[in-house]
Each structure stands twice: as structure tokens, then as C-alpha cells.
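Residue numbers (the working numbering), protein chains in the order written: chain S, -3 to 110; chain H, 4 to 80; chain W, 10 to 584; chain E, 3 to 246.
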Amino acid sequence: MVIERILIFLLALIGFTAIVGAKNIIKKVFGLNILNAAVVLLYILEGSRIGDQAPILGEGITNMVDPVPQALMLTAIVIGVCVTALALALAVRLYKATGSLEIDTISERLRSEH
Amino acid sequence: MTFLLLSMILALGSFALLSKDLLHSVIALSALSMLSALMFTILKAPDVAITEAAVGAGVSTIIFVWAIRHTRRRSKD
Amino acid sequence: MSIESLFLSPVYLPMLGAALILVTKHFFTDRQRRAVEYLSALIAFIIPLIAFIFLIKPVLEHHQVHMILGTWETTLGIHYHFDGLSFLLIMINLLVSIPVWLYSRKTGPHQETFTIIFLIQSASIAATSLTADLFNLFVCLEVMGVTSYVLVASSEKNKAILSSFTYLIFSATAMVFFLIGTFGLYRISGSLAYDTIAQAKNLLSGSDLLVARLSLVLIVVSVLLRTAVIPLSGWLVGAHSNAPHAVSALLSGVLIKIPLFALVRLLLLVTGTELLGSILAWAGGISTLLGILLALREHHTKRLLAYSSVSQIGYVVTAYGLALASGLETEEGALLLALALLYAFSHALAKATLFMTVGRACDAVGSKDLHVARGALSALRAQGERFPITGIAYLVAFLSISALPPTIGFWGKNSLVYLSKGHGANYLLSITSVFTIVAYLKLSGIFLPRKNQETQHVEPSSTALTSLSLIFLTLLLLAGGFWYTDLQTFVVQVLSPLGATNATLTSYSALQDLLKTGLTTTIALLLFFIGSKTRLERYFEARRESTASFPNLFFGFALMVAVMAWWLLFPGGAL
Amino acid sequence: MKRTLFIIKITFTLLVLALAILPVILSSHPWPEASRDYLYEHALTDTGAVNTVSSIYLGYRAMDTLGETLVLLVSITGTMGILINLGRESEEEEAVSFSLAPEKRPTNAQRTHLLEVVSSKLGPVVLLFGFYVMLYGHISPGGGFQGGVIVASAIVFLALGTETQTKLTNTNVLGRIEALSFLVLIIAATSGVFFESGFFGNPIKSGSSLSANFIILLNIIIGLKVGTSIAVMCIAMMGGRRGH
């Protein structure tokens, strides 16, 4: 129903706020992870409205769920994790270079260093 | 049932982003992954549930803990 | 060898090459790995180029191929569409990737995985220009994105790591909005193929039409982000200026153009995109002027080139927007699209050459600061470059990008500006042409002789491959200039099946504009001397480099979404 | 002043994007059932897979899965590149209790018994379960990616144990398996082009009973590729040098 979608919308909003507003770069990667999870939840929740059985063909399966969003979300989850892994490797490298995780101090220290 | 799970996921998400200690956030995030995997099983999406559990809770937790090991646990905001 | 295996070759051959290098990396010694790298580069670039030469004839006969990957008989499969547009896009990619890869052998990043990622990026570029399926476009853009983040970060400069991180977070978030847009369109159409979505969308009304258009806006803006039009271009300067020279050449040359033209297939089928076109035209015009003004304030060579990329892509986006505004089916629209593509090609060549030559010169001189770097020619000669190929290549690229006679840029830019006469953005384009010449005169300072020429002896190193790639690009720039009319007829002919029946080639030829070019150049020279004499420019110069902060980046993203969403309230109202 | 500008910018961004995605999320258009009905009838005959989700992401839309494997390969190569020169710089103060490198491993007194039990007893069970999920992907839920990730976590379990250092946890061997499986995947994908059934087509399209094998083959290759590359990354992250 609509209330679930509003909750998913709020989850996406929180993730997006963290990406834009958080000072700590690892918090930004958390936000990206949560935003990704929210969209996956949205696809699967809406995809499962039209049926009430798992998309595995077998006897007695008459009204199965829409498998297309599920197949798409398999790809989206793995891509999300790969991008998170790369972002965290970059974040650790930035910490090693500048000694801080706050985005402002990082860009400040890097700007002065030529 | 899904409403209950979604509100718990929302609570875990906001806790993860507000907590000062990054390790607590990582634990909250992997709990969030587990809950969304549970929700996928309820929504009749077993494939996505296994992926979310194995990839979301498993691998990304390892990566997050490694990242925090190499940087700092406390965050200012 | 069916036609399908021919036009798919630039997708699977680079992947095969990458797999071969990966295997040799683990099983054989370094020497064999280097040999296999050259072999797989040959497979990945030269064979598709030959395959595409065979394809010229069918493409001229408007032989379009619309197929589902894997020959399933359902719209569930991934639709691939090969026609003139994808042919030209893949040709641009191949013609720029070969010299850039040769250049990177000597100067570029020397990690052993560089070629693997370079080939995978080339495969994803080909797949993006061929795909006619929304989710496959998402996956191809993600592959292109991840390869760009890793290539930018391969320069190991700490600033490059920061710009790669910023680009990653900004672009990954935009891709999530792309997914929400796909959710909206899949909901109304039940399929992910462009044509079924367009059919379903065109017969919608009321709130469903609002949702469909909003999803389209989300998709268009997240794809436009990679084309770095002004409100969305915060990430580009950091990424392109800190990346290694070969990577900046590829990013500025090819990577910012492919997503723009990959959208044509979707926007072609959807009705009511006139106002979207005018918005794009205005955004393009503003980003040309703003881009070049910001470039003038820079005293770091590669940042100046990156800002000029933002300005030059504005020309392409303006022509693209005007083509969209006048409807891609009309003759004028198809012609404008052909000119946008042609100018994108000429800018790709010129900007790749500029990044490579200026990069080499700055490395030879040892500094990238415009006030300090001088005497590049003698430094290069000391490095064993007997024939000053870098200087000549820079000169030809300079002529092309400032639209001066013998090169492709002169013909391309003037016909583009001529055809955009009717629209307000035209004035912006003409003003920018003047400032472009001033900016590049300022950049040419690094080739002036240094006063106290202390010749520090540097061991001469073989520059065969680098010179080969620069010669290849210079010849392309000059050849494009000499045979411009045939090139333009070919492109218009190839693109015309998109819309018009027989697009009449305009009687306009850039020669009429010699007077206008002469005027622009004299004004530019005048401005340049006034500026340098009175140290005026020092006053304008950016005190500190502005790194793109996340609130500004996302503010630009939201601004673009707001402006485009405004199209929903006034559908069809021309701007 | 700078602070208020910062707040204004963020609220504007949030407001506009919230308003942009809200109608799309809350749209009341009924969910399309055309593709679900088509799959209900044709999935088994077309691709031979009982699990319709596998028939989509390995049959109809196999190109997305290839793109996904490329994203995985590129991002792990990039991460490894950054890790290797990270290792060089911070040789000394690496997190001791978390490292695998033999000389840095805590003495037996500090090591809890739990780690020994998990790695030596549980590791092989998880490995077996991972291969099960991978091989039965087209019948029961699961498949290449999920099986691969479970195999990866099993390999990490084995790598943590002291006396379970088998060939399987040697990063050189894992790297070779990964490279070979990627090469076989590309050859399997392009083989369709030359057998008229098109890119990612099923070259052995003869009887429907045979066509399931193509999905099983793809599942195995992708499973091995994903498993080994994630295992190599996790082992490298935990400080295990090459070929330790």
C-alpha cells in the first residue's frame, strides 16, 4: 500500500541527505549504500504486488510474482557493492594521504599541497 | 508485516547515519541488510534475498570493517 | 560472417583482448605480458576498425539492424539497434582510442592493469552507442563510470584520488536516480525497450503522463551529468586535470560525448521534446561562455584545458538541443544533429591532441604553472625529440579548436554557428569563439623560448610511439579540414534516415565567413595583448583552486532537474 | 553567512529532488503483467531453467550479467591497485589482530578458540553450500553470483585458520582461476555470435533438454569468477601478501 512506499521514500531521502550533507566521507559511502538499498526495496515491493508465489516454475504455481524487477535488482545490488568497495578504497587512500576523514579538511590540505 | 520491517529498516538507517562511532554504524548497516533480506523472502523474492544477505550483509560488512580498521572510528558529525 | 558479428565486434573483441591480458598476467612473465598487450590492443582496435570499413557501404544504404541479443522472440530480451549514429559514435571512439593507447605506452600510467581497464572501457563505449534498452544503458554507463574512476585514480596523485572519489559519489547517486526513472517507465510500459516505452508513453494522459515525463527527466539529467553541461559540470575540472595525460585525453575526447548521443534513440521516439531541446540549447550556450571565462581565470595548464572542454561541449549540446527543438524527424533537425556529431568529432581530435601535447611539454619543462612554464620546445629537444612533432601537433590542434582555416575545427564550428542563427544562444557562441582564441594564446605561452636557457641534460628516450600517435591525430585534423564537405555529406547522408528523406546540404560554406573569422581573431589578439601588457589577467586569476564541494554539485543537479521538470508544466510551450 | 548559504543549498536540493521522485514512487498505475505471463508459459521451453529469475538474468538478458561481471572485475582491480600501494606505504602500523601475514599473526595466547573452530570446521561446510547454491541456480533460488560470494566467504574462513592454508587460499591460484574463468566466459558469450544464435546466444540451441546446460555452464563460470575475485580482494585486505 502507499504507506510502505512512503517509508521507502523516507529511507531514500535519509540516504541522499547523508551523501549531500555528511562531512565524513565514510558516512557518504553509508548514504550511498542506503540509497541503493532503498531503490532495490522499491522495485521488489512493487514487483511483488501482482502475485503471491515465488517465481520458481513448479506444479501448483499459478499466480507467480513478476520476476523481471528481481532479475534487474540482482545486477543493481552487485554493482552497488562494487562501487562501495571502490569508494572505500579511495576513502582509505585519502585518509592515508591527509590524515583526516572530513571532506573539508581533506580538500583544504590537498589544495595547499602541489 | 512489511510495514513493521520497513519501519525497523528506517530506524536502523537513521541510526547508522547519526551515530558518532562508525563501527556501530557498520553493525546497523549489516542489520539493515539482513532485515531487507528477510523482507525479500516475505515478498516472494528468494534470489534477491540470498544476494542481499550474501553480498549486502556479507561482503560489504567485511569491506566496511576493513576501511574503519585502516582509518578512524570516531566521526565528528 | 553476418553483418551482426561485424558491428558487434567493437563490443566483444576488446573484452576478449582484456581477458587475454588478464590470463597472461597470471600465467606468464612480464615480457610475454607486454607482447600480449600489443596483440590484444591490435585485436581490440584494429580489427573492429577494419570491420567498420566493410560496414560503410551498408550504412550508406540505410541498412539498419534492429535485433534482440541472443535471438529470443520476446521484448524481454536486450534490444540492440545498429544504424548510422552508432556507426559514427564507434568510429569516433576507435579513431581517438588508438592514438591515446599508443601515447600511453611511453608516458601514460604503467600499471599492468591499465590496458585491461582501457579495453573494457572501449567495449562499454561501443555497447552504450548500440543499446536500445534502458537497463542495459544503465549497466553500460556504470561500466563506463567505474572504468573512468579507476583510470582517474591511477595517477596516484592525491588530488586525483580526491577528484575520482568526488566523481564516483556524484555519478553513482545520479545513477540511482536513473534507476528510479527506469522504475517509472517500466511501470507504465511493461518493458525496457525504447520503442515499447515510447509507444506506451505517447498514448498516456493525465497523472500517468506526468509520471512518465518526470521519469524521463530523471533519466535525461543523470545521463547529461556525464556530458558536463554547466550546472552539472562541477566534477569535470578536477577529474580531467588531475588524471594522467592519456586518460584526460580520452575522457575529454570521447567519454563526455557518447552518453549525449546515446540518448538520441530514446528522445527520437518520444513526442513533445521541443521545449526540452530549447532548454538544452540555452544550457549549452551558457556553458560555452561560462566555461571559457572560467578557463581564462586559470593559470594551471590542465585546468585551463578542462574548463575549455566544458565550454566546447557547450557547442555540441547547443546544436544537439536545437536539433531536438526543431524535431529530429525534420530535415533541419537531422542536419543539426549531423553538425553536432561532426563538431564532437573535431573537438575529440583537437582536445585529445591538446591534452597529450601540453602534458608532454609540461612534463619536459617540469611545471604546469602558466607563469613559470616556458621553453618547452628546447626542453623536448633535450629529451631526444629531434623533429618538434609536439610543437607542430599543438599548433594544428590550436588552429582547429580556435576555428582557424586549414583544420576541421574551422569548418565545423563556423557551419555550426551559422546554422544556430535563429536561436538566442547564437550570440553566446560567437562571443565564446573570441575568448577561446584568447585562452589558447595564453596557453601557448609554454612554447615560447625561455630567457635564461639552462640546458639540464636529460637522457634521451625513444619517443617513437608517442610521435606516431601525435602524427596520426595531426593528419586526421588536417585531413578533416581538406575533405570537410565530403565528410559532412557522408555524415548527413548516414544520419538522415533518422529523420529527413534527403537532407539538402546547406549552400553555406565556411569560406563566406572568412571575414568573420578574421574579425574574431583580430579582436582576440587585441584582447590578449591588452591583457598581458597591463597584467590585467593577473587580477582576474583564480586565487585558489575551487574544488567541487558536494552541496554545490548536487545543487547543480537539482537545478537542472527543476529546470527540466518545468517542461512538465508548459508542455510544448517553446522557449 | 557561509553556514546559511550551505543550509539553503542543501534544503533546495533535497526539496526539488524529493518532489521529483515522489510522484514516480507513488504512481498508482497498475503493475504490468505482460512479461510475467510470457515467462510463465515460455521460460522453461526457451531457456530450460525452472527458476525464471535465472532464465532472465542468464538467458534473455545475459548482456546485463556480463556488464555486471565487468563492473566487478574493474572495481576489484582498481581496489587491489590502491591496496597494493597502500600496503607499501603503511607497512608497519597495520591492524595487527586483523592481519593474515604470518609474522603479524597474534601469538596463540591471544587467539580465541572461536576462530579455529570457525575456520577449520565451518569453512568446508560453507564451501560445499556455496557450490550447491551455484550449481542449482537454475532450479532452486541462487545462481552464479550468490554461490560465488558464499564460496568467497568460505575461502576467507579457511584463510583465517592457521592450519587450513591449502592451495585454495593461495592468492596466486585464486588469481589464475579468476583469469581463466573470465576468458571462458567471454568465449562462451561470443561463441553464440558465430553460431547464428547471436551474441550471448545459446550455441547448443538444439533440443530444449540441452539448452539448460548453457545456463549451468554460465552459472559455474560466473560463480568461480565472482568467488575467486572477492576472495582475493578480502585476503589482500586482510594483509595477506601475494602467495603467503
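Glycine included, C-beta positions come from ideal geometry on N, C-alpha and C.
These numbers come from a predicted model, not from an experiment.
Check each candidate in the options and name the one with the smallest Cα separation from residue i.
i, options, result
"Val35/S", "Arg369/W, Ser387/W and Gly190/W", "Gly190/W"
"Val273/W", "Val159/W, Val326/W, Thr124/W and Lys542/W", "Val326/W"
"Thr441/W", "Val45/W, Val426/W, Leu213/W and Leu104/W", "Val426/W"
"Arg1/S", "Ile40/S, Ile99/S and Thr80/S", "Ile40/S"
"Lys377/W", "Ile99/W, Arg312/W and Phe559/W", "Arg312/W"
"Ser355/W", "Ile101/W, Ser335/W and Val155/W", "Ile101/W"
"Ala67/S", "Tyr62/E, Thr171/E, Met240/E and Gly83/E", "Tyr62/E"
"Asp39/W", "Ser198/W, Glu121/W, Leu535/W and Val68/W", "Glu121/W"
"Met42/H", "Ser28/H, Ile30/H and Glu55/H", "Glu55/H"
"Thr445/W", "Ser296/W, Val230/W, Pro253/W and Tyr89/W", "Ser296/W"
"Leu185/E", "Leu72/E, Phe159/E and Glu118/E", "Leu72/E"
"Thr54/E", "Pro65/S, Leu38/S and Ile75/S", "Pro65/S"
"Leu269/W", "Gly300/W, Ser224/W and Ala328/W", "Ala328/W"
Locate the beta strand (DSSP E) running through residue i, then write down its first and last residues.
i, result
"His88/W", "His88 to Phe91"
"Ile77/W", "Val74 to Ile77"
For the alpha helix (DSSP H) that residue i lies in, which residues bound it at each end?
i, result
"Val426/W", "Ile417 to Leu428"
"Val62/H", "Run containing Val62/H: none; DSSP gives neither H nor E here."
"Thr526/W", "Leu523 to Lys542"
"Lys123/E", "No alpha helix (DSSP H) contains Lys123/E, which DSSP labels as neither H nor E."
"Gln321/W", "Thr310 to Ala334"
"Ile23/E", "Lys4 to Leu28"
"Asn20/S", "Element bounds for Asn20/S: n/a, residue is neither H nor E."
"Thr588/W", "Residue 588/W cannot be examined here, being either before or after the span of chain W that is shown, 10 to 584."
"Asn145/W", "Leu143 to Ala162"
"Pro49/H", "Pro49 to Thr54"
On the criterion of 16 or more Cβ atoms from any shown chain inside 10 Å, does residue i qualify as buried, or is it exposed?
i, result
"Thr137/W", "buried"
"Leu7/E", "exposed"
"Gly177/E", "buried"
"Lys79/H", "exposed"
"Tyr47/W", "exposed"
"Asn435/W", "buried"
"Ser208/E", "Here the model assigns Ser208/E a pLDDT of 47, short of 50, so the residue's position is not dependable, and the following value carries that caveat. Ser208/E is exposed by the Cβ-count criterion."
"Asn215/E", "exposed"
"Val98/E", "Bear in mind that a pLDDT of 42 at Val98/E, under 50, signals an unreliable position, so the model cannot answer this."
"Leu25/W", "buried"
"Glu119/E", "Checking the displayed sequence, the identity of residue 119/E turns out to be Val instead of Glu. Val119/E comes out exposed."
"Val76/E", "buried"
"Thr236/W", "buried"
Show which residues of chain H have a CB atom less than 9 Å away from the CB atom of residue i.
i, result
"Glu104/S", "Ordered by position in chain H, no residue passes the 9 Å Cβ test against Glu104/S, which lies about 15 Å from the chain."
So residue i contacts chain W; which residues on that side make the cut at Cβ distance below 7 Å?
i, result
"Asp48/E", "Trp81"
"Lys23/S", "The contacting residues do not exist; Lys23/S stays about 11 Å from chain W at best."
For residue i, go through chain W and note every residue whose CB falls closer than 8 Å to its CB, in chain order.
i, result
"His31/E", "Arg196, Ile197, Asp217 and Val220"
"Thr79/E", "Thr122, Ile125, Ile126 and Val159"
Give the residues of chain S in contact with residue i, contact being defined as C-beta atoms less than 8 Å apart.
i, result
"His73/H", "Val88, Tyr91 and Lys92"
"Ile170/W", "Leu86, Arg89, Leu90 and Ala93"
"Thr182/W", "Phe12, Ile15, Leu28 and Leu31"
"Ala40/H", "Under the 8 Å cutoff, chain S gives no residues; its nearest Cβ is about 10 Å from Ala40/H."
Below 9 Å on C-beta distance, what does residue i contact in chain S?
i, result
"Leu21/E", "Correct list: empty, because the minimum Cβ distance to chain S is about 11 Å."
"Leu88/E", "Ala85, Val88, Arg89 and Lys92"
Which residues of chain E have a Cβ atom closer than 9 Å to the Cβ of residue i, listed in chain order?
i, result
"Ile4/S", "Ile27"
"Leu37/S", "Simply none; closest approach about 11 Å."
Just to make sure I have the definition right: I need the residues of chain E whose C-beta is within less than 7 Å of the C-beta of residue i. Which are they?
i, result
"Ala567/W", "Phe14, Thr15, Val18 and Leu19"
"His35/W", "Gly177, Arg178 and Ala181"
Going along chain H in order, which residues have a C-beta closer than 8 Å to the C-beta of residue i?
i, result
"Val74/S", "Thr54 and Val58"
Listing by chain order, which chain S residues have their CB less than 7 Å from the CB of residue i?
i, result
"Pro560/W", "Val16"
"Phe6/H", "Ile(-1) and Glu0"
Please compile the residues from chain E whose C-beta is within a distance smaller than 8 Å of the C-beta of residue i.
i, result
"Val62/H", "Val151, Ala154, Ser155, Ile232 and Cys236"
Between residue i and the ligand FAD, is the CB less than 7 Å from at least one heavy atom?
i, result
"Gly330/W", "Among the ligands in the structure shown, none appear at all, so the ligand FAD cannot be discussed."
What are the complete beta strand (DSSP E) segments, minimum 3 residues, inside the region 259 to 307 of chain W? none
Residue ranges of each alpha helix (DSSP H) within the region 4 to 28 of chain H, 4 or longer: 5 to 21
Inside the region 8 to 76 of chain S only - alpha helix (DSSP H) runs reaching at least 4 residues: 21 to 43
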